[in-house]
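Colleague: Provided herewith is a single structure, encoded as structure tokens, for subsequent inquiry.
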Amino acid sequence: MERRYASHPQEVKQFDTERLRKEFHIPVLFVPDELKLVLTHEDRMIIGGAQPVTQEVQLTTDLKELGVTYFLERRELGVINVGGAGTVTVDGTSYDLGTKECLYVGQGSKEVSFKSNDSAEPAKFYLNSAPAHLSYPTAKTTLAEADSSALGDIKNSNERTIYRFIHADGVQSAQLVMGMTELKPGNMWNTMPAHIHPRRMEAYFYFGLPEDAAVFHLMGEPDETRHIVMSNEQAVISPSWSIHSGVGTSNYTFIWSMAGDNKRYDDMDPVSIKELQ
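Position 271, counted from 1, in the sequence shown is what full-length UniProt numbering calls 271; the numbers after and before it change by one each time, with no gaps.
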């Protein structure tokens, strides 16, 4: 498991492109028959991916890093499948996950594994894990069952649908909040006007991008913005003090996940476009 440290905003002002990417950008999450994990010290979130092809992939790591005897002893897990159909098995119970379906796995679950239904079209399980102080039941959510809302319009290039899976009014968790935003064709902007939420960090995972397309992910303090160029199936860490917005050369979909002091999706401090620099 790779480790990333928290960064102070005054320090980040001095970063060049290489350093920004080293600290915040996660370029590879899916490797056949492997589990990839990145632990950030921003609220101790773990961001990962599992791509089982010819065999099952187990949720495990160097447990000394977490100070526990099994992965979810003091953690919870959110899983969204962005590939072909697959199965997540939790302590002997199997959950089928189609594309863009979500599974929440509660604290105390001891054995978790991932499997693809068809090796020719393998599942790709995007993972987020946060520390947990309470145990909630494992629960699956589909797109049809998610709390969704349509926002934006084509005139502002931000017509999109937001799906909330794990949140205060949906699947319950100790602190993890997780959902997905789909931009319609012809739309490129997300989360603009921007906002921050100093009480929670966030991670974005961009997917559904053509190979020759990119998303310019905006980050930094509102008066000291920076950007990171993102390709398909890459993730980025957003500290609690940073804006998190983006514009693509094509439409795309992204998964957002948060951890911190509360589970309120609408707990945001808005930033007007005129404040950005």
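Glycine included, each C-beta is placed from N, C-alpha and C at the ideal position. Since this is a predicted model, take the numbers as computed values, not measurements.
For S7, count neighbouring Cβ atoms within 10 angstroms of its own Cβ and tell me buried if that reaches 16, exposed if not.
Modeller: When all chains shown are included, S7 counts as buried.
Colleague: Between Q175 and the rest of its own chain, which residues show a CB-CB distance below 6 Å, the 5 nearest in sequence each way excluded?
Modeller: A130 and A259
Colleague: Going by other Cβ atoms of all chains shown within 10 Å of its Cβ, with 16 needed for buried, is S94 buried or exposed?
Modeller: Under the 10 Å beta carbon count, S94 is surrounded by fewer than 16 other beta carbons and is classified as exposed.
Colleague: Could you tell me which residues DSSP pairs with M258 in its beta bridges?
Modeller: Partner(s): V177 and E202.
Colleague: On the three-state DSSP scale, how would you describe E76?
Modeller: Three-state result, E76: strand.
Colleague: Considering only their Cβ atoms, is the gap separating I26 from A235 smaller than 8 Å?
Modeller: yes
Colleague: For P32, write down the residues that DSSP places opposite it in a beta bridge.
Modeller: Q51
Colleague: Based on DSSP bridge pairs, tell me the residues matched to Q97.
Modeller: Note that residue 97 corresponds to Leu in the displayed sequence, not to Gln. Bridge partners of L97: G86.
Colleague: Taking N156 as the reference, which of P137, K184, F165 and T138 has the closest Cα?
Modeller: K184
Colleague: Decide if H133 is buried, meaning its Cβ has at least 16 other Cβ atoms within 10 Å, or exposed.
Modeller: With fewer than 16 other Cβ atoms from the protein chains shown falling within 10 Å of its own Cβ, H133 counts as exposed.
Colleague: Helix, strand or coil for L276, going by three-state DSSP, please let me know.
Modeller: coil
Colleague: Beta-carbon separation of T87 and N128 under 8 Å?
Modeller: no
Colleague: Measuring only the C-alpha atoms, how far is H197 from G186?
Modeller: 29 Å
Colleague: With DSSP as the reference, please indicate the residues paired to F125 in a beta bridge.
Modeller: A50 and N81
Colleague: Which residues mark the beginning and the end of the beta strand (DSSP E) in which Q234 is found?
Modeller: Q234 to S238
Colleague: Please list the terminal residues of the continuous beta strand (DSSP E) segment that includes L103.
Modeller: C102 to V105
Colleague: Quick test of your reading: V167 and Y104, contact by CB under 8 Å. State the CB separation rounded to the nearest angstrom.
Modeller: At residue 167 the sequence reads His, which differs from the Val that was named. Not really, about 10 Å apart at Cβ, beyond 8 Å.
Colleague: Within this structure, are the beta carbons of L218 and N232 separated by less than 8 Å?
Modeller: Going by C-beta atoms, L218 is not nearer than 8 Å to N232.
Colleague: Less than 8 Å between the C-beta atoms of F216 and I255, yes or no?
Modeller: no
Colleague: What are the boundary residues of the alpha helix (DSSP H) that E23 is part of?
Modeller: T17 to F24
Colleague: So what's L59 in DSSP terms, helix, strand or just coil?
Modeller: coil
Colleague: Tell me, which residues are paired with A130 by DSSP?
Modeller: E76
Colleague: In or out: D16 buried (at least 16 other Cβ within 10 Å) or exposed?
Modeller: exposed
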